[in-house]
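Counting from 622, one number per residue, gives the positions in the sequence shown under our numbering.
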Amino acid sequence: MSGRLQNRVALITGAGGGIGLESSILFAQEGAHVLLVDIKLEAAEKGAALIKERYPNVSAIALKADVGKEEDVKAAVDKAIKEFGRLDVMFNNAGIMHPEDDNALNTEEKIWDLTMQINLKGVWWGCKYAITAMRQNPTDETKGLHAGGSIINTASFVAVRGAATPQLAYTASKGAVLAMTRELAMVHAREGIRINSLCPGPLKTPLLMDFLNTQEKRDRRLVHLPMGRFGEAVELARAALFLASDDSSYVTGTDFLVDGGLSNAYVTAL
Ligand code: NAD
């Protein structure tokens with residue numbers, strides 16, 4: 622254990638699968654106590670059990686919460702403080718990509734609103750309660766703990782690139798996460814609270830693979846990927862660890878693209 626998050630407390634939303642689960646495991650491996658939050662309690666509990674088995678020196682707690690409800694987000698942050706006394710890392714990662722999300726003409730308002738509720742308001746509330754908690758973080762040099770903290774908001778490469786396979790509400794929500802994160806980072810920089818966006822490229826997680834359910838749909842994307850493959854959730858977890866830890870102590874307000882080069886591509890190799 623190299624301990625890049627030794628004694629830190631991390632709250633991760635969407636921790637039941639994909640990026641959130643891999644990050645929970647990696648953060649625990651690096652010494653963090655983790656609160657795994659997901660709308661699917663069983664999935665979060667499985668993750669917590671796995672962490673406890675592998676890393677008995679850290680605590681892992683599962684909590685059911687819907688990030689689309691402000692009271693749930695507040696309760697999750699309160700739980701972290703009650704159990705661990707502080708909050709060092711808030712990873713606002715939960716998000717949805719609704720199957721009925723489409724172009725401007727076909728997307729129903731209820732799909733738009735639901736997407737914004739979870740993907741954008743959920744992140745706003747996560748920031749709001751995390752900032753409040755991080756302002757209270759006691760410094761303890763003997764344990765390597767300091768005031769402030771790190772907030773990571775999951776956006777997406779679609780926040781910076783257009784796609785002719787539209788999911789308008791999703792794309793708009795992620796663009797808003799990017800803009801909101803940048804501004805929050807400026808507002809809270811002098812409080813020692815760093816706030817960054819993580820922009821994944823297309824990944825082999827259920828969120829995307831359930832949607833790309835035919836080879837034809839997958840090939841439509843693969844041709845645009847410089848590396849010729851989808852990313853893995855653990856590759857995003859490693860980037861999240863960098864943003865969570867003091868390795869990124871001079872990084873705030875960034876749009877951290879982890880997309881295999883996609884956002885800089887014109888013609889890809891055959
Ligand atoms: P995933 O579907 O594998 O995991 C998402 C988790 O979030 C699930 O466990 C789910 O139960 C949980 N969740 C969904 N709605 C929730 C809610 N309202 N409250 C709490 N938890 C909820 O997805 P993933 O690929 O790991 O995606 C994580 C984040 O990365 C999302 O914000 C997503 O938009 C973003 N992202 C993913 C990709 C990709 O290709 N997979 C690309 C860019 C961005």
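C-beta: ideal position from N, C-alpha, C; glycine also. No experiment lies behind these values; they were computed from the predicted model shown.
Taking all protein chains in view, the Cβ of Val808 is surrounded by fewer than 16 other Cβ atoms within 10 Å, so the residue is classified as exposed.
In the DSSP assignment, Met711 falls within the beta strand (DSSP E) that extends over 710–713. Annotated three-state conformation of Ser794 is helix, per DSSP.
With a 10 Å radius around the Cβ and a threshold of 16 neighbouring Cβ atoms, Glu643 comes out buried. Looking at Ser869, Tyr871, Lys825, the one whose alpha-carbon comes closest to that of Asp880 is Lys825. In the three-state reduction of the DSSP assignment, Gly882 falls in the coil class.
Bridge pairing for Arg815: Ser771 [DSSP]. The C-beta of Ser866 has 16 or more other C-beta atoms within 10 Å across all chains shown, which makes the residue buried. The segment 695–713 makes contact with the segment 626–643, as at least three CB pairs between them are under 8 Å. Between the alpha carbons of Leu684 and Lys700 lies a gap of roughly 9 Å. Per DSSP, the unbroken alpha helix (DSSP H) holding Asp699 starts and ends at 691–705.
Taking the Cα of Ser870 as reference, the smallest distance to any Cα among Ala890, Pro821, Ile816, Ser884 is reached at Ile816.
Check the Cα spacing between Gly689 and each of Thr634, Ala664, Gly638: the tightest is with Thr634.
Straight through space, the alpha carbons of Gly639 and Gly822 are spaced by roughly 13 Å. Going by DSSP, Leu657 is part of the beta strand (DSSP E) stretching over 654–659.
Ala725 sits exposed, since fewer than 16 C-beta atoms from the chains shown fall within 10 Å of its C-beta. Taking all protein chains shown into account, Leu891 has fewer than 16 neighbouring C-beta atoms within 10 Å of its C-beta and is therefore exposed.
When DSSP reads this structure, Cys820 sits in a beta bridge with Leu878. The ligand NAD never approaches Ile646 closely enough for any of its heavy atoms to be under 7 Å from the residue's Cβ. Contact between the segment 714–723 and the segment 734–742 is established, with three or more Cβ pairs separated by less than 8 Å.
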